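*Asks:*
2 protein chains.
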Amino acid sequence: MVLENERLEEISELLKALAHPTRLKIVSILISSKQCVKNLSEMLEASQPNISQHLNILRSKGIVGCKRDGSVVCYYIKDPSVIKLYELLIKEVYSWQEK
Amino acid sequence: MVLENERLEEISELLKALAHPTRLKIVSILISSKQCVKNLSEMLEASQPNISQHLNILRSKGIVGCKRDGSVVCYYIKDPSVIKLYELLIKEVYSWQEK
DNA sequence: TCATGAATTTAGAATATAATATTTTATGAG
DNA sequence: CTCATAAAATATTATATTCTAAATTCATGA
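Listed in order, the protein sequences are those of chains A and B. Under our numbering, residue 100 is the last one in the first sequence; the count climbs by one each step, no gaps. Under our numbering, residue 100 is the last one in the second sequence; the count climbs by one each step, no gaps.
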């Protein structure tokens with residue numbers, strides 16, 4: 002099934018958002034539990050602005066959502082289809098031949 | 002399930018290879034039928050060197066393979082898990098909420 | 001061998017991404 | 001109000017991608 006261009010661009014935008022180690026790890030953490038920015042930046046050993054920028058990219062694609070709770074902002078997986086996608090990826094990567 | 006970093010990098014490499022409209026379209030065409038570079042460049046209305054470069058990226062990740070047949074080189078999907086991934090993507094993108 | 005078509009390679013310029021450092025905004029405590 | 005902390009926004013720099021153009025390789029047929 003060959004897709005029309007518009008939908009195809011949409012999919013590659015989604016893939017591009019996920020195609021970064023830090024963002025992929027953010028997604029994998031958020032699938033397990035919602036987290037605030039500070040926790041994420043400590044877990045990932047990256048600066049707070051850096052994580053915030055990555056979260057912004059994920060949010061702009063509708064992958065994650067956030068909710069302010071007092072002074073902290075909690076992020077969570079917003080699009081359930083991303084969980085399916087992630088699970089397929091970690092399942093299929095086992096049969097992945099390098100090179 | 003949170004992955005270790007190495008596997009995570011591997012997955013994001015795979016996603017990065019697919020996260021380009023032209024390459025995604027190449028994959029979608031090759032899932033239907035093997036094709037030579039010239040055909041692909043005509044179908045996608047892109048230059049032959051450009052398509053050749055994209056094919057090289059897909060090949061370096063093991064996504065596609067190729068076989069020379071006389072003067073033409075035929076490309077085909079090498080990793081079957083990419084087909085599963087593609088099918089999930091076009092199925093899930095229907096429930097995709099923009100923004 | 002020469003010409004041609006198919007494909008790849010290389011070099012470059014233009015654009016896009018990503019990280020760091022800095023500043024700004026928001027919230028809550030005292 | 002002032003201070004401290006969390007988060008976001010901005011600016012800058014460094015790096016990576018992508019496309020175009022030109023040159024090169026490879027196979028085939030006249």
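Ideal Cβ placement from N, Cα and C applies to all residues, glycine included. Please read these numbers as outputs of a predicted model, since none were measured by experiment.
#1: Taking the CB atoms as reference points, tell me whether Tyr76/A and Leu31/A lie closer together than 9 angstroms.
#2: Tell me, please, whether the CB atom of Pro50/A is closer than 9 angstroms to any CB atom in chain B?
#3: Does Arg69/A come within less than 9 angstroms of chain B when only Cβ atoms are used?
#4: Would you identify the three-state DSSP class for Ser33/A, choosing helix, strand or coil?
#5: Of the choices Gly66/A, Ser61/A, Lys92/A, Leu89/A, whose alpha-carbon is the least far from that of Leu15/A?
#6: So which residues of chain A does His21/B contact, with C-beta pairs closer than 9 angstroms?
#7: How would you list, in chain order, the residues of chain B whose beta-carbon sits under 7 angstroms from the beta-carbon of Leu25/A?
#8: Residues of chain A with a CB under 8 angstroms from the CB of Lys85/B: which are they?
#9: Whose C-alpha, out of His55/B, Ile78/B, Pro22/B, is nearest the C-alpha of Ser33/B?
#10: Does chain B have any CB closer than 9 angstroms to the CB of Asn57/A?
#11: Look up Gln39/B in the DSSP assignment and say whether it is helix, strand or coil.
#12: When you compare the CB positions of Ile1/B and Leu9/B, do they come within less than 9 angstroms of one another, or not?
#13: Only counting the same chain, and skipping five residues up and downstream in sequence, which positions put a Cβ closer than 6 angstroms to that of Pro22/B?
*Replies:* In short, the structure shows the following:
#1: yes
#2: no
#3: no
#4: helix
#5: Closest in C-alpha terms to Leu15/A, from the list Gly66/A, Ser61/A, Lys92/A, Leu89/A, comes Ser61/A.
#6: Ser13, Leu16, Lys17
#7: Leu9, Ile12, Ser13
#8: Against Lys85/B, the close residues of chain A are Leu89, Glu93, in the order they occur along the chain (beta-carbon pairs closer than 8 angstroms).
#9: Ile78/B
#10: no
#11: Correcting the residue identity first, residue 39/B is Lys in this sequence and not Gln. DSSP places Lys39/B within a helical segment (H, G or I) once states are collapsed to three.
#12: Here chain B covers residues 2 to 100 and nothing more, so residue 1/B does not appear.
#13: none
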